[in-house]
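In the working numbering, the protein residues as written are 5 to 279.
Take a look at the structure below.
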């Protein structure tokens with residue numbers, strides 16, 4: 005009689021454990037799939053980094069080399085993130101440690117590219133401070149502004165704006181380099197003649213204190229290439245590109261760290277249920 009009474013209770017407990025184990029496996033399966041799906045954009049970003057066109061004159065500060073280095077690093081992150089998925093039930097502790105190292109590094113690099121003050125350094129390439137240091141190097145800047153001239157940024161702007169009327173030019177969308185290098189700053193209050201020719205008002209005195217107003221020259225070989233605004237425009241263009249990469253790296257690192265931590269906890273729960 006005791007055996008007969010004990011059997012239904014044992015069967016009931018066994019069924020509960022089976023259902024619990026199936027539920028845990030379902031959770032770990034979803035998290036594994038999520039981790040894999042979130043890692044796919046990393047591989048896609050490698051293609052983007054390797055095949056996207058470098059910004060004008062970017063090669064002078066060796067940023068294309070940095071693109072290749074980051075691409076190689078992202079390939080390793082992709083391989084590690086997915087390799088850990090196959091080892092999660094065998095070596096869960098080792099797997100979580102191995103995957104967290106590159107993801108933390110990826111997160112840190114992303115923050116640096118975004119200009120996080122506590123991480124940023126003039127020695128770290130493609131950070132705002134590093135760009136400023138490069139622009140303040142007179143020898144390097146002479147090469148950069150010569151390159152900007154040679155790639156015909158301002159000449160192309162002048163050609164595309166020839167049919168544009170003065171009132172229509174204000175509505176034209178310009179890049180930061182075109183605004184900084186091809187035309188005088190707005191606070192100089194010069195009169196528009198055409199895109200690369202601006203006339204100072206006879207009765208207008210420069211009260212802005214902006215040295216770029218005197219640096220401006222209507223000679224198409226000079227324009228505002230010697231202006232501080234040209235440096236700032238070029239740096240802004242590069243920062244825009246690399247800060248987008250920084251946002252991507254931080255976002256992907258947060259998603260993947262969250263997924264792998266949740267997967268680690270679910271795996272430990274699964275191992276506990278099967279023991």
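We put the beta carbon where it would ideally sit given N, CA and C, even for glycine.
Burial is judged here by how many other beta carbons sit within 10 angstroms of a residue's own beta carbon; residue 199 has at least 16 and is buried. By the criterion of at least three beta-carbon pairs nearer than 8 Å, the segment 211-227 is not in contact with the segment 245-252.
In the three-state reduction of the DSSP assignment, residue 55 falls in the helix class. Take the alpha-carbon of residue 201 and the one of residue 62: they are about 28 Å apart. About 20 Å separates the beta carbons of residue 181 and residue 119, which is beyond the 8 Å limit, so they are not a contact pair. If you ignore the 5 residues before and after residue 89, its C-beta comes within less than 7 Å of the C-beta of 36, 39 and 40, all in its own chain and listed in chain order.
Buried is the label assigned to residue 115, since at least 16 other Cβ atoms lie within 10 Å of its Cβ. Under the Cβ criterion (8 Å, minimum of three pairs), the segment 60-79 does not count as touching the segment 89-103. Across the set 184, 151 and 126, the C-alpha of 184 shows the shortest separation from the C-alpha of residue 217. Between the beta-carbon of residue 267 and that of residue 32 there is about 6 Å, and that keeps the pair under the 8 Å contact cut.
The beta carbon of residue 82 lies closer than 7 Å to those of 43, 46 and 47 in the same chain, with the five residues before and after it left out. Residues 42 of the same chain have their beta carbon placed closer than 8 Å to that of residue 259, with the five preceding and five following residues left out of the count. DSSP, read as helix, strand or coil, puts residue 118 in coil. Here residue 78 is buried. Its C-beta has 16 or more other C-beta atoms within 10 Å. Under the three-state reduction of DSSP output, residue 31 falls in the helix class.
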